[in-house]
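These protein sequence lines map, in sequence, to chains S and D. Numbers 2 to 312, taken from my numbering, label the letters of the first sequence in order. Numbers 7 to 680, taken from my numbering, label the letters of the second sequence in order. C-beta: ideal position from N, C-alpha, C; glycine also.
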Amino acid sequence: MVSQVQHRPIIGVSPDGTISGRSQGAGGSVRPLTGSEYGAIQAIRANRPFRAAIHDEVMAASAVLEVSDFELYYGAAKALHAISMPVPRGKVTALVGPSGCGKSTLLRSINRLNDLIDGVRIEGDMRLNGESVYSPYVDVIDLRKRMGMVFQKSNPFPMSIFENVVYALRIDGENRKSLLKETCERALRAAALWDEVKDRLHESALGMSGGQQQRLCIARAIAAEPEVLLMDEPCSALDPIATLRIEEFIHEIRGRLTVVIVTHNMQQAARVSDFTAFMYLGRLVEYGPTATIFQNPRLKETEDYVRGRFG
Amino acid sequence: MVWLSGMALCLSLTIILSLIGVVLWNGFRTFWPAPIHLVTLRDGSTFLGMPVRSEAYESEPARVEALRKTDIEGALTTDGRVIRTLYRVGNKEILGEPFRWVDAGDIASIDLPPHAVLVERLQWGPWIGQPGAIVSVEEVVIGADEPLVGTTDTEHGSRRFERAELNEAGGGGPRRVRQTTFVCEGPEETLRAFGPAHVAAVARRTHIERLKEEDVGVINRELTALQNGVRLAELRHAEGAITEADFGAIRASSEQRAGELRAGFSTIMERVRRLEAEDAMHRWIVTDPGTQRFAPISQSEPGSPMLLSQVVRCVPANDIGVVGKVRVYLARWWEFLTDGPRETNTEGGIMPVIFGTVAMTLLLCVLVVPMGVVAALYLREYARQGWVVSAVRVAVNNLAGVPSIVYGVFGLGFFCYSVGSWVDRGPQAPLSPQSWWGIVGLTVVLAAASIVLGLVAKIRPLRPDSAIKMLGRFLSLLGWLGVIVGVGVLVVRLPYFHGFFRERPAATFGTPGVLWASLTLALLTLPVVIVSTEEAISAVPRSLREGSYGCGASKWQTIRRVVLPRAAPGIMTGMILAMARGAGEVAPLMLVGAVKLASELPFEASFPWLHLERSFMHLGFHIFDLGFQSPDSEGARPLVWTTTFILMSVVVTLNITAIGLRARLRRRFGGGHF
Ligand SMILES: Nc1ncnc2c1ncn2[C@@H]1O[C@H](COP(=O)(O)OP(=O)(O)O)[C@@H](O)[C@H]1O
Ligand SMILES: [Mg+2]
């Protein structure tokens with residue numbers, strides 16, 4: 002299984018993180034950039050109107066989620082500035098950008114988890130399959146049931162492994178033993194956890210290792226067959242082996258499920274995603290197919306960021 | 007600063023440890039059998055007694071001078087105070103005081119007489135003396151010329167007897183005499199024969215008690231129930247609820263049944279009388295050497311020796327070795343832990359007291375935890391955090407500072423007298439049926455209006471923050487408050503309810519009882535539970551809640567399935583604190599249910615098992631009672647220590663159980679495992 006990842010054509014990033022295969026530039030040597038080349042960043046820093054560079058391939062794909070002019074305030078502080086972006090159906094979309102640029106905020110806005118925070122105000126809207134997410138008449142609970150979410154820190158509930166996985170079904174009032182068992186096995190298999198825990202399904206979930214706990218959270222998020230899976234830095238607290246497992250999982254479900262994943266790890270974004278969006282200071286900067294973003298971005302700041310030169 | 011705080015810690019630890027040490031030492035010493043001294047005083051008089059403790063006291067100078075002259079060793083301390091020893095002398099009927107101080111200077115000699123016994127009796131405290139004989143006493147009619155002393159032949163051989171005339175019969179003819187036959191004589195013989203004879207006597211006594219308490223008790227209970235049934239029928243007849251004929255039938259049938267029961271009662275009492283007559287034959291003579299008088303059957307009959315069945319335990323303290331003493335010690339502990347109290351609580355055991363304490367504490371937990379958790383959930387999860395909630399929180403915390411006696415007064419006034427009497431006899435001032443139904447109508451209308459107004463808030467095409475919706479929500483809230491008030495009035499002044507126990511002559515729930523005591527203590531300990539639950543709830547990681555909401559759970563589902571299980575150990579902590587506080591509380595209990603002597607446990611082997619309306623005995627109150635209200639304070643003092651030790655053990659046991667339970671919860675629901 003490990004080999005599966007390595008055999009996949011990796012887009013221009015070698016395991017040590019340097020970007021290779023660039024045609025642009027003088028003989029592959031890294032060219033020092035001058036200030037004048039950072040038009041976008043200067044515009045953002047000066048708070049001037051600014052249009053994100055969205056590639057045509059993104060617009061061409063069929064979108065499951067449509068973010069339009071979405072703005073979010075934490076009290077008086079504006080955390081998201083007029084974000085407009087489609088999320089292609091059945092693809093893996095990575096959100097990258099320096100810390101505090103609003104990736105988590107954007108992700109949590111999709112399933113309205115930000116509703117739980119006092120003082121959050123939004124403008125604009127999102128549409129899931131054409132239906133508004135933020136209309137006052139939306140049933141938030143119903144909406145959340147159509148999405149799954151995996152958090153940065155694994156958060157297994159204080160109950161057995163089995164009950165953790167079937168949580169979403171339980172709260173829907175599902176009590177048929179056979180169905181629950183089936184769902185549990187399917188979700189755990191998808192998260193590559195079944196073989197490890199099948200003999201102790203009724204033990205506490207808190208006795209598992211960190212990586213197992215995170216895969217359990219993934220199993221829980223996909224048990225109710227959501228349309229969109231939101232992952233907020235799912236591997237940042239894990240060791241390389243556990244990370245690999247989760248990346249394998251994303252490969253497995255590619256095409257069946259729309260995944261939006263926030264990551265700090267450029268190699269990971271390059272390995273797992275079909276599309277990559279680069280955010281900076283609450284704005285979307287550039288958004289395109291992962292190959293293009295990593296090999297041939299339109300903006301210099303994107304190039305610098307994915308090559309690890311700032312951020 | 008380190009030194010200061012370290013010293014403060016050491017100081018408090020020392021105080022606590024020495025307190026525990028004192029309680030343990032005194033608590034465990036109580037039942038160890040002391041030796042019996044035969045004390046001969048300088049004036050020639052003697053007495054038997056068990057030394058309790060010695061001390062030095064200041065006496066008048068003349069006495070000190072006199073003692074100094076006699077030059078008796080150990081009469082005075084070096085600084086000129088008189089040394090004296092407290093002896094437990096028992097024999098209350100003839101000596102009056104069961105304890106006696108003796109100056110060391112007055113003592114000529116102290117011996118450890120063999121065969122001297124401490125007799126623990128059912129009544130009048132201990133008797134200390136020399137066993138003389140086991141006798142059989144009966145009343146017989148003899149011919150005019152038969153002798154008053156002589157021997158008679160029995161299957162065990164020839165026995166001496168003495169006879170005393172009972173009636174002043176002049177002249178010839180048969181005479182009624184009380185004949186005392188000596189079954190065995192001499193201290194050694196008597197002690198040897200005492201064991202088996204005592205076992206038989208105790209068996210007889212137990213049999214008599216069982217007949218009196220259980221069999222007669224069953225009949226008495228049924229008679230009371232019949233009486234209550236007739237009274238209820240009478241009340242209902244007076245109201246016109248049942249016809250004259252029905253009432254007559256009920257009365258007739260219960261009178262018939264009562265007749266049967268009384269007949270059964272007579273049969274049982276006849277058996278009791280026979281057994282008691284037999285019991286009255288078996289006696290023994292234990293003589294006080296100082297006065298040469300033996301332990302009497304009762305204070306009014308000093309000339310008649312005591313029954314064997316009146317003996318609880320006979321301890322020949324000077325004859326038994328360490329093994330024997332250990333056996334006596336353990337037997338006394340066993341009696342203490344499994345028997346009921348005797349002699350205004352200064353003797354016997356404290357089983358009902360332990361039982362009452364444990365029952366009340368468990369009931370307290372059952373009541374306080376749900377109340378506290380619901381309140382804390384509302385404060386922490388549902389109420390909008392603002393100054394109102396903060397004010398409520400401060401108020402709750404301050405409730406913990408209200409003197410506990412205030413809770414007692416409240417419990418007595420509200421639970422016992424208001425709620426209890428409502429349960430017993432129905433509303434004191436019922437509404438007329440017309441106005442009652444009027445209020446029912448109003449309440450229903452109000453409820454309907456509130457529902458409609460509540461629905462306004464759900465109208466889809468309106469925005470959630472529109473003025474109409476806000477108004478609707480507010481009015482609906484007001485409406486529901488009105489409905490609550492209405493329902494309250496309807497219940498409190500319900501004209502159709504006459505109470506569950508109106509036929510009973512005495513109040514049932516309308517008096518202090520274990521239920522009201524638990525409720526009162528639940529109110530008292532509520533702040534503790536609320537505070538710990540709030541803390542536990544707010545310590546549940548945000549990520550857990552978000553995970554649950556992310557799965558599409560509603561708020562209540564999140565609370566029930568994630569927050570509460572995770573907070574369970576913290577809630578248990580609150581319960582443990584409440585328990586510790588509640589079990590040690592005494593003042594409010596004196597008002598709402600703890601009594602000096604409860605004749606019945608709040609639990610019974612027959613339906614309906616639990617009798618939460620009954621008053622109960624409580625270790626804390628028992629300690630107070632023994633220590634300060636006992637007629638025999640010197641005799642009760644050791645028991646104060648032992649009872650204190652038991653109270654501490656009960657509290658510690660309950661706490662350890664709860665802590666163990668919490669540890670298990672922690673393992674299941676608690677923090678991580680890395
Ligand atoms: N609960 C919150 N209250 C106020 N400000 C917040 C909150 N969460 C995040 N922010 C702010 O919003 C901005 C974006 O945060 P976040 O979305 O967490 O960034 P990222 O996930 O990209 O590191 C940051 O400046 C952060 O300080
Ligand atoms: Mg983040």
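Leaving out five residues before and five after residue i in sequence, what residues of the same chain have Cβ atoms less than 8 angstroms from its Cβ?
i                      : result
residue 677 of chain D : Because the pLDDT at residue 677 of chain D is just 48, under 50, the model does not fix this residue reliably, and the value given afterwards should be weighed accordingly. So no residue of the chain qualifies.
residue 364 of chain D : 656 and 660
residue 147 of chain D : 180, 181, 182 and 183
residue 90 of chain S  : 62, 63, 64, 65 and 259
residue 202 of chain S : 161, 162, 163 and 185
Does DSSP put residue i in a helix, in a strand, or in coil?
i                      : result
residue 144 of chain D : strand
residue 185 of chain D : strand
residue 628 of chain D : helix
residue 12 of chain S  : Reliability of the predicted coordinates at residue 12 of chain S is poor, the pLDDT of 36 falling under 50, and no value is obtained from them.
residue 482 of chain D : helix
residue 307 of chain D : strand
residue 171 of chain S : helix
residue 85 of chain D  : coil
residue 25 of chain D  : helix
residue 21 of chain S  : In this prediction, residue 21 of chain S has a pLDDT of 36, which is less than 50 and means its spatial position is unreliable; nothing more can be read from the coordinates.
Tell me which residue opens and which closes the beta strand (DSSP E) that residue i is part of.
i                      : result
residue 63 of chain D  : 52-63
residue 274 of chain D : Looking at the DSSP string, residue 274 of chain D is not in any beta strand (DSSP E); the run it does join, the alpha helix (DSSP H), is 250-287.
residue 276 of chain S : 276-281
residue 89 of chain S  : 78-89
residue 284 of chain S : 284-290
residue 232 of chain S : 229-233
At 8 angstroms on the CB atoms, spell out the chain C contacts of residue i, in chain order.
i                      : result
residue 288 of chain S : The structure shown contains no chain C; the protein chains it does contain are S and D.
Kindly indicate the opening and closing residues of the alpha helix (DSSP H) around residue i.
i                      : result
residue 213 of chain D : 193-216
residue 406 of chain D : Taken as a continuous stretch (DSSP letters only), residue 406 of chain D belongs to no alpha helix (DSSP H), as it is neither H nor E.
residue 243 of chain D : 222-245
residue 443 of chain D : 439-462
residue 554 of chain D : 548-556
residue 251 of chain S : 241-254
residue 69 of chain S  : Element bounds for residue 69 of chain S: not the alpha helix (DSSP H) but the beta strand (DSSP E), 64-75.
residue 423 of chain D : Segment: none, residue 423 of chain D is in no alpha helix (DSSP H) and carries neither H nor E.
residue 166 of chain D : Note, residue 166 of chain D: premise wrong, no alpha helix (DSSP H); beta strand (DSSP E) at 163-171.
residue 623 of chain D : Taken as a continuous stretch (DSSP letters only), residue 623 of chain D belongs to no alpha helix (DSSP H), as it is neither H nor E.
residue 379 of chain D : 357-383
Could you name the residues of the same chain whose beta carbon sits closer than 7 angstroms to that of residue i, not counting the 5 residues immediately before and after it, in chain order?
i                      : result
residue 107 of chain S : 81, 84 and 96
residue 63 of chain D  : 87, 88 and 90
residue 399 of chain D : 385
residue 100 of chain S : none
residue 37 of chain S  : Its pLDDT being 44, under 50, residue 37 of chain S is placed unreliably by the model, and nothing is read from it.
residue 204 of chain S : 161 and 162
residue 233 of chain D : none
Output needed for residue i: all residues of its chain with C-beta closer than 6 angstroms, excluding positions within five of it in sequence on either side, in chain order.
i                      : result
residue 663 of chain D : none
residue 504 of chain D : 432
residue 507 of chain D : 430 and 514
residue 73 of chain D  : 81, 82 and 111
Please confirm if the segment 20-33 of chain D is in contact with the segment 633-649 of chain D, defined as three or more CB-CB distances below 8 angstroms between the two stretches. In short, these stretches touch, since the Cβ pair count reaches three.
Touching or not, the segment 629-639 of chain D and the segment 521-541 of chain D, by the rule of three or more beta carbon pairs under 8 angstroms? As far as the Cβ criterion goes, the segment 629-639 of chain D does not touch the segment 521-541 of chain D, which means the pair count is below three.
Between the segment 490-497 of chain D and the segment 592-600 of chain D, do three or more beta carbon pairs fall short of 8 angstroms? The segment 490-497 of chain D, when compared against the segment 592-600 of chain D, does not touch it at the 8 angstroms Cβ threshold.
Looking at C-beta atoms only, is the number of pairs between the segment 522-537 of chain D and the segment 357-376 of chain D that lie closer than 8 angstroms three or more? Contact holds: three or more Cβ-Cβ distances are below 8 angstroms.
Counting beta carbon pairs with one atom in the segment 265-280 of chain S and one in the segment 222-242 of chain S, are three or more of them shorter than 8 angstroms? Contact between the segment 222-242 of chain S and the segment 265-280 of chain S is established, with three or more Cβ pairs separated by less than 8 angstroms.
The segment 307-326 of chain D / the segment 198-211 of chain D touching (three or more Cβ pairs under 8 angstroms): Under the three-pair Cβ rule at 8 angstroms, the segment 307-326 of chain D counts as touching the segment 198-211 of chain D.
Touch check for the segment 137-156 of chain S and the segment 555-571 of chain D: three-plus C-beta pairs under 8 angstroms? Proximity of the segment 137-156 of chain S to the segment 555-571 of chain D meets the contact definition, three or more beta-carbon pairs being nearer than 8 angstroms.
So, do the segment 183-192 of chain D and the segment 133-151 of chain D have three or more beta carbon pairs nearer to each other than 8 angstroms? Note that the segment 183-192 of chain D touches the segment 133-151 of chain D; at least 3 beta-carbon pairs, one per stretch, sit closer than 8 angstroms.
If contact is defined by three or more beta carbon pairs under 8 angstroms, each pair taking one atom from either stretch, is the segment 55-69 of chain D in contact with the segment 13-29 of chain D? Too few Cβ pairs lie closer than 8 angstroms, so no.
Are three or more beta carbon pairs between the segment 442-454 of chain D and the segment 416-424 of chain D nearer than 8 angstroms? Under the Cβ criterion (8 angstroms, minimum of three pairs), the segment 442-454 of chain D does not count as touching the segment 416-424 of chain D.
Between the segment 244-259 of chain S and the segment 163-174 of chain S, are three or more C-beta pairs nearer than 8 angstroms? Segments in contact, no.
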